[in-house]
Amino acid sequence: MTRSYLRFAAWLACALLVTALDNGLNAKPAMGWNSWNAFGPTINEEIIKDTADRLVALGLRDAGYVYLNLDDGWSDLKRTADGRLTANKTAFPSGIPALAKYVHSKGLKFGIYADAGNMTCAGFPGSLGFEEVDAQTFADWGVDYLKYDNCYAAQQQWVVDRYTAMRDALNATGRPILYSLCNWGVAEPWLWASGVGNSWRTTEDIEPTWDNVVKLLEYNVGLSQFAGPSRGWNDLDMLFVGNSRLGEYHPFGPFYQEQRAHFALWALFKSPLFIGHDLRNLNSSFVDLLKKKEIVAMNQDELGVAGDLIWQQGTRKIFATALAGGSRGVVLWNLQTTQSQYPLSNITVFWEQIGLGGSQRATVRDVFSERDLGVFSGSFSAAVAFHDVAVLRVTPVEGPLDDSWRPWHAQPLYAPQPANLAVPSAAAWIAGYTGPSSSGSGPGSKQQPDIRKASFSPPASSGPPSFAVVLSVLASLAALGVVGYFVVLHMRMRGWQQLDENEGARKMSEMSQTRRYSPPGS
Numbered sequence: 002m003t004r005s006y007l008r009f010a011a012w013l014a015c016a017l018l019v020t021a022l023d024n025g026l027n028a029k030p031a032m033g034w035n036s037w038n039a040f041g042p043t044i045n046e047e048i049i050k051d052t053a054d055r056l057v058a059l060g061l062r063d064a065g066y067v068y069l070n071l072d073d074g075w076s077d078l079k080r081t082a083d084g085r086l087t088a089n090k091t092a093f094p095s096g097i098p099a100l101a102k103y104v105h106s107k108g109l110k111f112g113i114y115a116d117a118g119n120m121t122c123a124g125f126p127g128s129l130g131f132e133e134v135d136a137q138t139f140a141d142w143g144v145d146y147l148k149y150d151n152c153y154a155a156q157q158q159w160v161v162d163r164y165t166a167m168r169d170a171l172n173a174t175g176r177p178i179l180y181s182l183c184n185w186g187v188a189e190p191w192l193w194a195s196g197v198g199n200s201w202r203t204t205e206d207i208e209p210t211w212d213n214v215v216k217l218l219e220y221n222v223g224l225s226q227f228a229g230p231s232r233g234w235n236d237l238d239m240l241f242v243g244n245s246r247l248g249e250y251h252p253f254g255p256f257y258q259e260q261r262a263h264f265a266l267w268a269l270f271k272s273p274l275f276i277g278h279d280l281r282n283l284n285s286s287f288v289d290l291l292k293k294k295e296i297v298a299m300n301q302d303e304l305g306v307a308g309d310l311i312w313q314q315g316t317r318k319i320f321a322t323a324l325a326g327g328s329r330g331v332v333l334w335n336l337q338t339t340q341s342q343y344p345l346s347n348i349t350v351f352w353e354q355i356g357l358g359g360s361q362r363a364t365v366r367d368v369f370s371e372r373d374l375g376v377f378s379g380s381f382s383a384a385v386a387f388h389d390v391a392v393l394r395v396t397p398v399e400g401p402l403d404d405s406w407r408p409w410h411a412q413p414l415y416a417p418q419p420a421n422l423a424v425p426s427a428a429a430w431i432a433g434y435t436g437p438s439s440s441g442s443g444p445g446s447k448q449q450p451d452i453r454k455a456s457f458s459p460p461a462s463s464g465p466p467s468f469a470v471v472l473s474v475l476a477s478l479a480a481l482g483v484v485g486y487f488v489v490l491h492m493r494m495r496g497w498q499q500l501d502e503n504e505g506a507r508k509m510s511e512m513s514q515t516r517r518y519s520p521p522g523s
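The numbering of the sequence shown is the working numbering, which starts it at 2 and goes up by one.
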């Protein structure tokens, strides 16, 4: 018990030393459009202007997609004589300030991309060592959003230091710029990034395959407790809704079902929602999908509770979240790997699984079709198609409307632990991590520490700490500070520095093979 208090106190002491991001933009996950998935680094002014027009004309802006983000490839290959970033004059002849003004004139917000290393992932100038001048440049240009990547940072500063430097530089400008950390989950950002950015990537880049979508979701299981309006948001990466490489196209076949599941689960997890498709050829069925009011409302719910896995058996999964006013958002997911002779799977959610009374009566609403299904007592069952989801809003009919339940209060039957993720860190030690279940060597063989369900509060059944325990904690903190200094120093020199080196080397190798970018239409 004492060790739990010590870990909590140590974490709290560390957190208090962090200067918070001061932009007031944490209330809800961001929504918008990003250029990378559709265009890679081959982006230009006309595409951005056309996209701004289409976000308005298609009704996507009014649905909540207000950020228009320019990703990697916008800048010149060299800085100016006074060390400033400048746009590629061929691709952006009017310059970034004029482009930002055009985007703003459409009732949209303008986002830009930079990198916490020596170069961006596409080989343009990075911001490492130029944080103050670049942050001020972005503010002067009218930028509202910064996506900050992590390429070409091998043998450089510790990842937290590099991202904190840009946070401080953005704070100093006085302009509210939403700060999105794109560090691929390095050093478990859900444990430290709430004082640094508004959102943080938990994994490497999304890929347009069903298996990859499933992998990213499984990896984010257990991370919901680290997100929220007072902290920031776990970023599952951009949406691939509408991308024909995610499956064989059929408007209402398995491909469409996979797109529905992808979108609904990103929304439930409270991930930022960024469209990644070329709006010039986005099928109307997917425009309608992205505009589903009640799915978007679940993502933007004012309570801000990120959804999580609460039950799994075989290929049947249930995810849930608490919504403002006492309702619950529930996703029933049929993850059958093949289309058998039985393409439908019956999945039942019991009210006790989502913090309601076992015999309580509740209205069940189909969120996709936006229609009430009736009043049910104790549970609800649905036949869910292959790779599809049923998205429900469950609202008690009588009794107090309690929105204090959280999905991490539930105990999933099975919690997957995928490999090839971040290595242990000092933050993991504070959270109680004792070592990976299996070992590997070299990039690509790292194992995920089982810290994603760690709680930084004492066990509820323990009661309040005794006076002796409090004194013990306070006395121990002094010694812990000294020991912690040397532990962190050693970690920076040996562990985290090596992590950055490995991640940077691997990312550079991947970029040399153009893994991240395929020409449009391929």
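From the three backbone atoms N, C-alpha and C, an ideal C-beta is built for every residue, glycine too.
Around the CB of arginine 394, 16 or more other CB atoms lie within 10 Å, so the residue is classed as buried. Here proline 30 is not bridged, per DSSP, to any residue.
The continuous stretches of beta strand (DSSP E) do not include alanine 166, which lies in the alpha helix (DSSP H) extending over residues 160–174. When secondary structure is reduced to three states using DSSP, phenylalanine 381 falls in the strand class.
Classified as exposed, aspartate 54 has fewer than 16 neighbouring CB atoms from the shown chains inside 10 Å of its CB. In the displayed model, tryptophan 201 falls within a strand according to three-state DSSP. Here alanine 136 has Ala170, Leu171, Thr174 as same chain residues with Cβ atoms under 6 angstroms from its own Cβ, once five neighbours each way along the sequence are excluded. DSSP links arginine 394 through a beta bridge to Gly330, Arg366. Annotated as distal: proline 98 and glycine 74, with beta-carbon spacing of 8 angstroms or more. Taking the Cα of tryptophan 334 as reference, the smallest distance to any Cα among Pro230, Phe387, Glu353 is reached at Phe387.
Sixteen is the threshold: since fewer than 16 other Cβ atoms of the shown chains lie within 10 Å of the Cβ of asparagine 347, the residue is exposed.
Segment contact: the segment 84–91 against the segment 26–41, fewer than three CB-CB distances shorter than 8 angstroms; contact not assigned.
For valine 350, no alpha helix (DSSP H) run applies; the uninterrupted beta strand (DSSP E) run containing it begins and ends at 345–351, by DSSP. DSSP places lysine 110 within a strand segment (E or B) once states are collapsed to three. Shown here for serine 380: same chain residues with a beta carbon closer than 7 angstroms to its own, the five before and five after excluded, namely Thr349, Val350, Phe351, Trp352 in chain order. Contact annotation: isoleucine 319 and glutamine 354 have beta-carbon atoms nearer than 8 angstroms. In its chain, beyond the 5 residues on either side, Val215, Thr316, Arg317, Lys318, His388 have a beta carbon closer than 8 angstroms to the beta carbon of leucine 336. Using a Cβ distance threshold of 8 angstroms, alanine 262 and valine 390 count as a contacting pair. Excluding residues up to 5 positions away in sequence, Arg85, Leu86 lie with their Cβ nearer than 8 angstroms to the Cβ of threonine 138 in the same chain. For tyrosine 180, the enclosing beta strand (DSSP E) begins and ends at 179–182. Ranking Gly277, Tyr220, Ala325 by CA distance to the CA of tyrosine 66 puts Gly277 first. Taking a cut-off of 8 angstroms on C-beta distances, the segment 123–130 does not touch the segment 97–113, as fewer than three cross pairs fall below it. Valine 365 counts as buried, since at least 16 other C-beta atoms from the protein chains shown sit within 10 angstroms of its C-beta. For threonine 52 and glycine 356, the gap between their C-alpha atoms comes out near 43 angstroms.
Residue range 132–142 is occupied by the alpha helix (DSSP H) that includes tryptophan 142. A direct Cα-Cα distance of roughly 42 angstroms separates aspartate 206 from proline 401. When secondary structure is reduced to three states using DSSP, phenylalanine 227 falls in the helix class. For phenylalanine 275, the enclosing beta strand (DSSP E) begins and ends at 274–276. Nearest to asparagine 184 by C-alpha distance, out of Thr204, Gln260, Asn284, is Thr204. In the same chain as proline 177, and ignoring 5 residues on each side of it, the C-beta atoms closer than 7 angstroms to its own belong to Asn24, Gly25, Leu26, in chain order.
Around the C-beta of lysine 148, 16 or more other C-beta atoms lie within 10 Å, and the residue is accordingly described as buried.
The C-alpha of tryptophan 211 is placed about 34 angstroms away from the C-alpha of tryptophan 159.
Excluding residues up to 5 positions away in sequence, Leu269, Met299, Gly308, Ala321, Thr322, Leu324, Arg394 lie with their Cβ nearer than 7 angstroms to the Cβ of glycine 330 in the same chain. Bounds of the beta strand (DSSP E) holding leucine 147 are 146–150. In the structure shown, the three-state DSSP call for serine 360 is coil. The beta carbon of serine 200 sits closer than 6 angstroms to the beta carbons of Ser181, Gly233, Trp234, Asp236, Pro273 from its chain, once the five residues preceding and following it are set aside; these are given in chain order.
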